[in-house]
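This report concerns only the one structure given below.
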Amino acid sequence: ALDEIEKYISNDINELKIDPYVSDPNISKISSKIVSIANHLQKKQDQDLEVFGEVMLVCEKLSDGFTDDRITQKTEDEKINYVAYSINKAMDNLSVSVEEVIKVLGEYENNDYTSSVNVSLFRGGQFKQLLKGINKLQEGITTRVLQSYKIGLTMEHQADILQNEVNQLSESTSKQAAAIEQTAAAIEEITQSINTNTESTVNMLDSGKILQDSAKKSISLATGTTEAMNNIDQSTQDVYNAITVISQIAFQTNILSLNAAVEAATAGEAGKGFAVVAQEVRNLANRSADAARTIEGLMDELKTQTEAGKLSSEAMDSEFNLLNQHLEETMSSLDQIVSASREQKDSISQINMSIQHIDAATQSNAHATQRVNDIAIQTHNVANTLADSNKDVNFEGKSATETPDEIIKSLFSKEKLF
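Going by the numbering used here, the first residue of the sequence shown is number 5, and it counts up by one from there.
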């Protein structure tokens with residue numbers, strides 16, 4: 005029996021089989037005591053095995069991820085019972101912490117980051133670090149979500165402002181483009197008018213040159229006319245002088261014929277023929293005198309007309325000189341006008357090119373504004389999506405979130421929002 009007990013204690017056998025009956029009455033008490041001890045050992049061993057079996061089952065299920073099993077069996081060995089209690093306590097703490105973690109993670113999955121796990125279940129170790137890590141994760145997620153929420157609100161607010169500004173810019177650009185098109189059309193009309201005026205001025209300048217040439221020719225002709233009138237006046241004076249001589253000769257001839265008549269009368273009958281001749285000479289002298297007086301009168305009239313013609317020719321020459329002077333001044337003015345018109349033409353051409361460049365730049369700005377508007381719309385949609393994605397998320401500090409203006413203001417302050 006003692007050998008069996010030794011083997012049982014040494015775990016060489018799993019069951020004690022001791023016959024309680026002995027033939028020797030001297031050792032019956034010893035045998036009974038041994039049997040009692042063996043039964044007690046068997047009972048205790050059975051209890052221990054039940055506890056160890058549950059310990060093994062709990063540990064195996066724990067290794068598989070289950071924390072709902074507990075050690076329910078008891079043994080007479082208090083040390084083993086304490087081990088079972090400690091394992092159950094650890095399983096309770098693990099179960100509570102795991103359930104709490106599952107609950108919190110489920111809330112996180114539903115976008116609720118307001119809860120944290122209780123880290124006081126463990127005094128230290130990796131499990132406590134794990135729970136602290138989950139809480140740090142909650143804090144980090146809350147910080148990031150709060151940051152994202154504030155950024156979303158700010159972006160949404162700024163995107164609204166940007167879109168409004170872009171709309172105003174687009175409207176202003178459209179008005180500017182329309183105004184530039186009208187200005188370009190007006191500049192084109194002005195350019196055509198300036199070109200027409202320049203051509204007309206050049207034609208006037210050409211006509212003025214022709215007129216100036218004609219005036220110079222007229223001055224030359226007027227000068228020639230004046231010289232001719234002077235020559236006529238001189239010839240008239242010469243004729244007038246010759247007529248005076250003829251008148252004097254006629255007068256003297258008349259005197260001589262009168263003297264001849266007197267002498268013929270004195271001669272009597274012999275002088276009658278000579279008297280007739282003297283009378284005829286006298287008649288011719290009178291007629292010559294009359295003709296001379298007539299010619300003298302005509303020459304006086306001719307001289308008067310010649311003087312008048314000379315004065316008119318001189319006046320015409322003076323007027324032509326004055327006209328030529330005015331024409332020269334007019335030609336100078338026309339030259340200045342042509343130069344100014346050409347400068348205006350060049351200037352308006354440069355203005356037209358500048359307007360075209362401005363129009364091209366405005367059109368480019370309009371396209372760029374449209375692209376910016378598209379980007380603003382996309383930004384607004386992204387901001388709305390970002391803001392809406394965080395509106396259903398619960399986290400600490402959400403209700404105390406600043407307004408977009410306060411957020412923007414704080415961005416430029418020394419203190420940061422997040």
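Quick reminder that beta carbons are idealized off the backbone N, C-alpha and C, glycines included.
Predicted, not measured: the structure shown is a model, and the values here were computed from it.
- Restricting attention to Ser239, Ile155, Ala189, the CA atom closest to the CA of aspartate 304 is found in Ser239.
- Relative to glutamate 80, the option among Ser120, Ser178, Gln51 whose CA is nearest is Gln51.
- If you look at phenylalanine 126, you'll find it isn't in any alpha helix (DSSP H); DSSP assigns it neither H nor E.
- Each residue's CA atom was taken as its position, placing methionine 95 and cysteine 63 some 10 Å apart.
- Closest by C-alpha distance to isoleucine 381, out of Glu169, Thr118, Ser90, is Glu169.
- If you look at isoleucine 91, you'll find it in the alpha helix (DSSP H) that goes 82-113.
- Per DSSP, reduced to three states, the secondary structure at aspartate 72 is coil, with no helix or strand assignment.
- By the neighbour-count definition (other C-beta atoms within 10 Å, threshold 16), methionine 357 is an exposed residue.
- In this structure, serine 222 sits near phenylalanine 324, with a CB-CB distance shorter than 8 Å.
- With contacts defined as CB atoms closer than 8 Å, alanine 289 and alanine 246 fail to qualify as a contacting pair.
- Here threonine 195 has Lys349, Ile352, Ser353, Asn356 as same chain residues with Cβ atoms under 8 Å from its own Cβ, once five neighbours each way along the sequence are excluded.
- Of the other Cβ atoms in all chains shown, fewer than 16 fall within 10 Å of the Cβ of aspartate 72; this residue is therefore exposed.
- Between the region 199-208 and the region 358-377 there are fewer than three inter-stretch CB-CB distances shorter than 8 Å, so the stretches are not counted as touching.
- The beta-carbon distance between alanine 365 and alanine 163, rounded to whole angstroms, is 27 Å. This is too long to meet the 8 Å contact definition.
- Rounded to whole angstroms, the Cβ separation of glutamine 216 and asparagine 369 is 54 Å, and the two are not in contact under 8 Å.
- Only residues of its own chain outside the window of five on either side were considered, and among them Thr71 have a CB closer than 6 Å to the CB of leucine 98, listed in chain order.
- The alpha carbon of alanine 189 has as its nearest neighbour, out of Ile379, Thr383, Asp363, Ala391, the alpha carbon of Asp363.
- With a cut-off of 8 Å on Cβ pairs, the region 115-123 is in contact with the region 131-148, counting three or more such pairs.
- Ser119 is the residue among Ser119, Ser322, Thr248, Gln340 whose C-alpha sits nearest the C-alpha of glycine 144.
- When Leu260, Val342, His361, Ala226 are compared, the shortest CA-CA separation from serine 316 is found for Ala226.
- With a cutoff of 8 Å on beta-carbon distance, tyrosine 117 and threonine 146 are scored as near each other.
- When C-alpha distances from methionine 335 are compared across Asn114, His384, Gly272, Asn207, the shortest belongs to Asn207.
- Taken through DSSP and simplified to helix, strand or coil, threonine 310 comes out as helix.
- In this structure, histidine 361 sits away from glutamine 167, with a CB-CB distance that is not shorter than 8 Å.
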